[in-house]
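Working notes, structure below.
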């Protein structure tokens, strides 16, 4: 499930991952919830992701709360060109803690890093917040595709491991995977 303020790029990120396309110049707010499916090959196993795109506007919050409790993973987005969307992350985290399952997989994404000249939130600030909450973090760009596949693949790997791990199999480490595989120097450092 993708969550965050309106306009942070949730739909664009989802379309980039699902269809490999970028919705250039179009901004249509999601009303309520929209979802898309994609099947990934994760280490030789087919994993079907059902990805829910939530509306970020305040008026839809009561609708999206109902979906938190069934979500297995949440991608929490802010827009690096919009400081207010970053400042609201703590409010989103409070809602998630209140309404989501205790063991939900959660990842913080700073989106729109292709807009370097408009950046208002430093990567280091995202890293610091992620570290404070114990979250894996990376910066993404739906426009360029930077780290988009990685974010969804990392979530899929974690979910697959949680459901199919044999006792003798080594544990998948989401934080380490994100740090190791991230491109563009955009993943958090210890």
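Residue numbers (the UniProt record's numbering): 1 to 190. Note that beta-carbon positions come from the ideal geometry of N, C-alpha and C, so glycine has one too.
Query	Result
Within 8 Å, strictly: CB atoms of residue 135 and residue 158	no
Supposed close pair residue 42, residue 179 - CB separation, criterion 8 Å	In fact, because the Cβ distance is near 19 Å, the residues do not count as touching under 8 Å.
Residue 121 beta carbon less than 8 Å from that of residue 13	no
DSSP three-state assignment for residue 50, whether helix, strand or coil	strand
CA-to-CA distance, residue 138 to residue 2, given in whole angstroms	15 Å
Residue range of the unbroken beta strand (DSSP E) whose run includes residue 86	Taken as a continuous stretch (DSSP letters only), residue 86 belongs to no beta strand (DSSP E), being part of the alpha helix (DSSP H) at 83-87.
CA nearest to the CA of residue 98, picked from 78, 65, 87 and 82	65
Reduced DSSP category for residue 100 - H, G, I as helix; E, B as strand; rest coil	coil
Straight-line gap, residue 141 to residue 114 (C-alpha atoms, nearest Å)	6 Å
Inter-residue spacing [alpha-carbon to alpha-carbon] between residue 156 and residue 112	22 Å
Rounded distance between the beta-carbons of residue 22 and residue 128, thought under 8 Å	That belief does not hold up - the Cβ atoms of residue 128 and residue 22 are roughly 29 Å apart, past 8 Å.
Option nearest residue 68 by Cα separation, candidates 89, 88 and 106	106
Whole beta strand (DSSP E) elements within the region 119-187, 3-residue minimum	137-139
Boundaries (first-last residue) of the beta strand (DSSP E) holding residue 14	From DSSP, residue 14 is part of no beta strand (DSSP E) but of the alpha helix (DSSP H) over 10-19.
Beta carbon proximity, residue 91 to chain D, threshold 8 Å	Here there is only one protein chain, and chain D is not present.
Residue nearest to residue 109 in terms of C-alpha spacing, selected from 90, 75, 101 and 116	75
Length of the line joining the Cα atoms of residue 38 and residue 18	6 Å
For residue 78, the residue or residues it bridges with in DSSP	110
Beta-carbon proximity check, residue 70 vs residue 10, cutoff 8 Å	no
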